[in-house]
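Input: a single structure, listed below in structure tokens.
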Amino acid sequence: MSMITTATFLSAALLLLVPGILSLATAKKDQIHLKIYNSISHGPNVTYTLDIAFRGILLGAMNNLQKDDRLRFSYTEDPNYGPFLVRVNGLAGNNTEHTYWQLLVKRGKTIIIPDVGIGCFIPKPGDTVILKFTKW
Ligand code: B12
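This is the structure:
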């Protein structure tokens, strides 16, 4: 390969590599919305917009909100299924009253009921995750 061909080849390779490297370095976190909704008292909803790590679990994003004092929540640890969300912003589910926080997701026009809890669910960018206080 002549000097000129080698130089051309290297510049072409750099042109291809640099944007990739830059996009890795500046990889932006994606965002979701988190809506807190009480279907029993029909009190005012609260909606948070939050960053989510690439393929991060919902609990991770919720923990970040809690660290920033924007959301308060607590959960118990189930030996089989992981974290069970008990309390959100001061309101707790209750076995006697048959109330609990249901996890729903609005993705586009569809409402999904995830078949896992907050410790396993991986939101997609643009999702609206709904924590709905309701009865079973
Ligand atoms: C009854 C039930 C519920 C009831 C429990 C109420 C109660 N106090 O009895 C209610 C309606 C509250 C419920 C809620 C949810 N559930 Co449920 N539930 C069941 C069910 C049908 C039976 C559990 C049971 O009674 N077992 C018998 C008792 C003796 O055993 P136990 O270990 O003490 O049972 C407890 C746990 O199962 C726990 N529990 C129930 N659901 C869930 C979900 C999660 C994520 C966790 C950590 C614990 C947990 O509550 C039970 C009573 O204390 C199972 C399916 C099954 N056939 O097992 C699904 C099941 C456990 N639930 C499931 C899910 C996904 C949920 C929700 C996340 C659904 C949602 N999208 O909102 C929510 C939890 C949200 C939250 N707040 O974190 C999944 C869990 C799968 C997984 N790998 O995570 C299961 C396996 C059903 C499924 N879809 O396949 N659930």
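Residues -8 to 127 (my numbering) make up the sequence shown, in order.
By construction, the Cβ of each residue, glycine as well, lies at the ideal position given by its N, Cα and C atoms.
For residue i, three-class secondary structure by DSSP
i: Ala83; result: strand
i: Gly51; result: helix
i: Lys20; result: coil
i: Lys115; result: coil
i: Lys100; result: coil
Assumed close pair residue i, residue j - CB separation to whole angstroms, cut-off 8 Å
i: Ile48; j: Asn36; result: Actually they are not in contact, since the Cβ atoms of Ile48 and Asn36 sit about 23 Å apart, beyond 8 Å.
i: Tyr39; j: Leu56; result: 6 Å
i: Leu122; j: Leu94; result: 7 Å
i: Pro74; j: Ile109; result: 6 Å
Counted within 10 angstroms of its Cβ, other Cβ atoms place residue i as buried (16 or more) or exposed
i: Val79; result: buried
i: Pro114; result: buried
i: Pro116; result: exposed
Range of the contiguous beta strand (DSSP E) that encloses residue i
i: Ser65; result: Phe64 to Asp69
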